[in-house]
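Everything in the sequence shown is counted per the working numbering, starting at 95 for the first residue and increasing by one.
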Amino acid sequence: MEKKSIYGLTLDQLTTWLVENGQKKFRAAQVWDWLYKKRVTNFADMKNLNADCVQLLDDHFYLHTLTQEVKQESKDGTIKFLFKLEDGNLIETVLMRFNYGLSVCVTTQVGCNIGCTFCASGLLKKNRDLSSGEIVEQIMNVQHHLDEAGNGERVSHIVVMGIGEPFDNYDNMMDFFRVVNDQKGLSIGARHITVSTSGLADKIYKFADENIQINLAVSLHAPNNELRTRIMKINRAYPLEKLMPAIDYYLEKTNRRITFEYILLSDVNDHKEEAIQLAKLLKNKRHLSYVNLIPYNPVDEHNQYQRSTKEAIVEFYGTLLEHGINCGVRVEQGTDIDAACGQLRSKQIKKDKVKS
Numbered sequence: 095m096e097k098k099s100i101y102g103l104t105l106d107q108l109t110t111w112l113v114e115n116g117q118k119k120f121r122a123a124q125v126w127d128w129l130y131k132k133r134v135t136n137f138a139d140m141k142n143l144n145a146d147c148v149q150l151l152d153d154h155f156y157l158h159t160l161t162q163e164v165k166q167e168s169k170d171g172t173i174k175f176l177f178k179l180e181d182g183n184l185i186e187t188v189l190m191r192f193n194y195g196l197s198v199c200v201t202t203q204v205g206c207n208i209g210c211t212f213c214a215s216g217l218l219k220k221n222r223d224l225s226s227g228e229i230v231e232q233i234m235n236v237q238h239h240l241d242e243a244g245n246g247e248r249v250s251h252i253v254v255m256g257i258g259e260p261f262d263n264y265d266n267m268m269d270f271f272r273v274v275n276d277q278k279g280l281s282i283g284a285r286h287i288t289v290s291t292s293g294l295a296d297k298i299y300k301f302a303d304e305n306i307q308i309n310l311a312v313s314l315h316a317p318n319n320e321l322r323t324r325i326m327k328i329n330r331a332y333p334l335e336k337l338m339p340a341i342d343y344y345l346e347k348t349n350r351r352i353t354f355e356y357i358l359l360s361d362v363n364d365h366k367e368e369a370i371q372l373a374k375l376l377k378n379k380r381h382l383s384y385v386n387l388i389p390y391n392p393v394d395e396h397n398q399y400q401r402s403t404k405e406a407i408v409e410f411y412g413t414l415l416e417h418g419i420n421c422g423v424r425v426e427q428g429t430d431i432d433a434a435c436g437q438l439r440s441k442q443i444k445k446d447k448v449k450s
């Protein structure tokens with residue numbers, strides 16, 4: 095019998111499964127309460143379940159499929175976790191502290207095939223998708239860490255911006271959202287959850303039709319096809335002529351603001367010319383657009399790229415404002431640890447290869 099993570103089941107799915115396996119319907123709510131409110135770490139601790147139900151759960155599900163390999167703590171309170179999966183693969187999860195709460199950045203795939211030429215996540219190609227349970231368990235492991243600290247803190251926000259392309263693991267991503275958003279579970283509000291995509295236009299249409307209030311961010315990083323294709327190979331499949339109509343559809347369908355992520359690479363995409371092009375690209379949707387300018391975290395393997403100078407960042411930012419584009423420069427977190435997404439995982443795999 096192959097076990098799987100119980101965290102991968104939505105409340106409806108767990109209810110159906112328990113009934114099909116001879117348990118009363120109300121047991122699902124009890125299990126859910128133990129998992130997400132009381133946050134027990136063993137099925138045997140679910141005291142109001144009968145022995146048969148406890149045994150049934152233990153026979154079919156895991157409560158732990160991730161083990162902590164490395165934990166890096168930054169001076170600013172950021173914590174980067176490196177988790178090992180059951181099959182030995184490694185993933186990263188990051189806890190960040192903001193004035194509005196505690197946010198966790200989760201990973202959705204082992205490796206990434208999108209191929210952004212500046213990104214540490216794509217240094218190792220996609221091995222597989224994470225299950226919905228493995229994604230939820232990242233949140234639970236961070237929450238258990240907070241519980242053990244005893245300060246009464248809880249995860250209040252989620253960003254799906256870790257290793258991988260979330261929209262390339264669409265169904266598991268959606269089940270993850272349903273679990274963490276459920277009011278009987280972690281009850282993390284949809285408006286406190288943001289998912290980022292490199293621009294899979296077909297999935298943006300699908301996401302627009304979901305009728306959920308989860309925030310959408312698009313990794314744009316260039317205002318024209320020639321430059322975007324050079325730094326993001328996904329642009330060959332979804333050039334701006336395909337991507338921008340999908341975004342227009344999303345905005346019309348949801349009337350929700352969209353964030354455009356733009357990593358500033360020195361003397362590559364950070365000139366005033368690109369800022370003007372970006373403003374023109376977003377002109378007809380600027381009322382529902384926000385550009386998040388991101389200073390680049392250098393990666394050893396991508397030494398062709400450097401962080402933009404402060405002067406270039408200020409000029410780019412000012413140019414967008416002059417053209418009526420809402421924008422800001424992202425506050426950096428964890429700069430004294432392996433800040434770039436995928437960097438810690440890549441370093442650990444190299445260490446393991448040297449040892450072997």
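Ideal Cβ positions, reconstructed from N, Cα and C, are used throughout, including at glycine.
Looking at the strands, I want to know which residues DSSP matches up with residue i.
i, result
"Leu176", "Val164, Glu186"
"Glu96", "Note: Glu96 sits in no beta bridge, so no partner."
"Thr288", "Val253, Asn309"
"Phe271", "According to DSSP, which records beta bridges pairwise, Phe271 is partnered with nothing at all."
"Phe354", "Val312, Val385"
"Asp223", "Gln203"
Can you grab the Cα-Cα spacing for the pair residue i / residue j, in whole Å?
i, j, result
"Gly182", "Gly171", "28 Å"
"Thr403", "Phe410", "11 Å"
"Leu387", "Ser360", "13 Å"
"Leu334", "Lys377", "14 Å"
"Leu321", "Tyr264", "27 Å"
"Leu280", "Gly246", "14 Å"
"Ile352", "Asp342", "10 Å"
"Lys174", "Leu196", "13 Å"
"Leu179", "Val236", "15 Å"
"Thr348", "Asn305", "7 Å"
"His417", "Leu345", "20 Å"
"Phe212", "Ile325", "7 Å"
"Asn221", "Asn207", "9 Å"
"Lys165", "Val188", "10 Å"
Could you check which residue in the options has the C-alpha nearest to that of residue i?
i, options, result
"Val200", "Arg121, Val312, Glu228, Gly246", "Glu228"
"Leu184", "Gly209, Leu157, Leu218, Ser168", "Leu218"
"Val204", "Phe212, Asn363, Ile257", "Ile257"
"Leu310", "Val253, Arg401, Met140", "Val253"
"Tyr156", "Pro260, Ser225, Asn305, Ile173", "Ser225"
"Met267", "His239, Gln277, Gln232, Asp241", "Gln232"
"Gln371", "His315, Gln277, Phe270", "His315"
"His154", "Leu103, Thr187, Tyr130, Leu196", "Leu103"
"Leu115", "Gln149, Asn136, Phe137", "Before going further, note that residue 115 is Asn rather than Leu in the sequence given. Considering only alpha carbons, the answer is Gln149."
Using the Cβ count rule (16 or more neighbours within 10 Å means buried), how would you classify residue i?
i, result
"Phe120", "exposed"
"Asn363", "buried"
"Tyr194", "exposed"
Which whole-angstrom value is the C-beta distance of residue i and residue j, which I expect to be below 8 Å?
i, j, result
"Val249", "Ile287", "Not confirmed; about 11 Å, so no contact."
"Val230", "Phe270", "6 Å"
"Gln124", "Leu143", "6 Å"
"Trp126", "Leu105", "6 Å"
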